[in-house]
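Below is one structure; the comments refer to it alone.
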Amino acid sequence: MKRPAVFIDRDGTINEQMGYINHLSRFHLLPGVSEAIRLLNERNFLAIIVTNQSGVARGYFSIDLIHEVHSSLMNTLRNNGAKIDGIFFCPHYPRGKISEYTCECNCRKPKTGLIDKACETFDIDMSRSYVVGDHFTDLELAQRSNLDGIIVKTGYGLGTVSYTLPQIPIKPCYVADDLLDAVKWIIERKID
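Each residue of the sequence shown is one higher than the last, beginning at 43 in my numbering.
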């Protein structure tokens with residue numbers, strides 16, 4: 043049976059926006075994230091992370107660090123009774139320094155490759171799914187995927203709301219204080 047998904051940006055939405063997370067010690071969950079993910083789990087939503095990680099192509103850190111950070115995230119959430127169903131990330135950048143990851147790809151947000159991969163992996167009810175993030179590219183990803191997009195005010199979100207949204211035609215269906223607020227808003231609107 044198809045399940046709705048919430049496609050969640052990582053940096054600035056799940057964890058503090060610190061530029062490039064080039065060491066595990068720089069990865070800090072934002073308040074309320076475990077509760078938000080747990081609520082999605084309890085309401086039968088798939089919780090799926092979709093994130094650009096171009097620091098790999100730029101040579102700022104190895105792909106192994108991405109896996110280490112995600113493993114730590116999964117363990118922290120598990121210890122708090124929450125579970126991410128899938129993590130899809132793009133390590134590419136067209137002007138990178140690491141040749142293996144230097145390319146034009148279809149997975150770098152706002153292109154839809156990460157969501158396409160998630161749909162190949164899971165049986166997703168796209169008509170009841172959302173994208174949540176802190177950047178206008180998350181809204182563009184939502185639009186290109188025919189999904190509703192939510193902006194959170196964490197990370198780059200306040201700047202996005204104040205300066206970017208007035209200048210672009212794409213608008214969020216909701217502006218949330220943080221991921222927990224976004225998830226509560228989604229759950230209130232779930233069609234059973």
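Glycine included, every Cβ here is placed at the ideal spot set by N, Cα and C.
- For N117, the three-state secondary structure derived from DSSP is helix.
- Per DSSP, the unbroken beta strand (DSSP E) holding A218 starts and ends at Y216 to A218.
- Secondary structure at T93: strand, using DSSP grouped into helix, strand and coil.
- Taking 9 Å as the cut-off, the beta carbon of H134 is found no closer than this to the beta carbon of D51.
- Excluding residues up to 5 positions away in sequence, M168 lie with their Cβ nearer than 8 Å to the Cβ of N188 in the same chain.
- When DSSP states are grouped into helix, strand and coil, F164 belongs to the coil group.
- Secondary structure of I63 (DSSP, three-state): coil.
- Taking 8 Å as the upper bound for CB-CB distance, D190 and C149 are not in contact here, some 21 Å apart.
- Rounded to the nearest angstrom, the gap between the Cα atoms of Q209 and T55 is 22 Å.
- H65 and Q95 have their C-alpha atoms spaced approximately 13 Å apart.
- Inside the segment 171–224, DSSP marks whole beta strand (DSSP E) runs of 3 or more residues at positions 172–175, 190–194 and 216–218, from first to last along the chain.
- Around the CB of N57, 16 or more other CB atoms lie within 10 Å, so the residue is classed as buried.
- Excluding residues up to 5 positions away in sequence, H134 lie with their Cβ nearer than 6 Å to the Cβ of C145 in the same chain.
- Counting along the chain, I50 sits inside no alpha helix (DSSP H); it lies in the beta strand (DSSP E) bounded by residues A47 to I50.
- If the five residues before and after Q59 are omitted, its C-beta is found closer than 8 Å to the C-beta atoms of D53, D176, T196, G197 and Y198, all from its own chain and listed in chain order.
- In the structure shown, the three-state DSSP call for D158 is helix.
- Three or more Cβ pairs closer than 8 Å define a contact, and the segment 67–85 meets that threshold against the segment 108–118.
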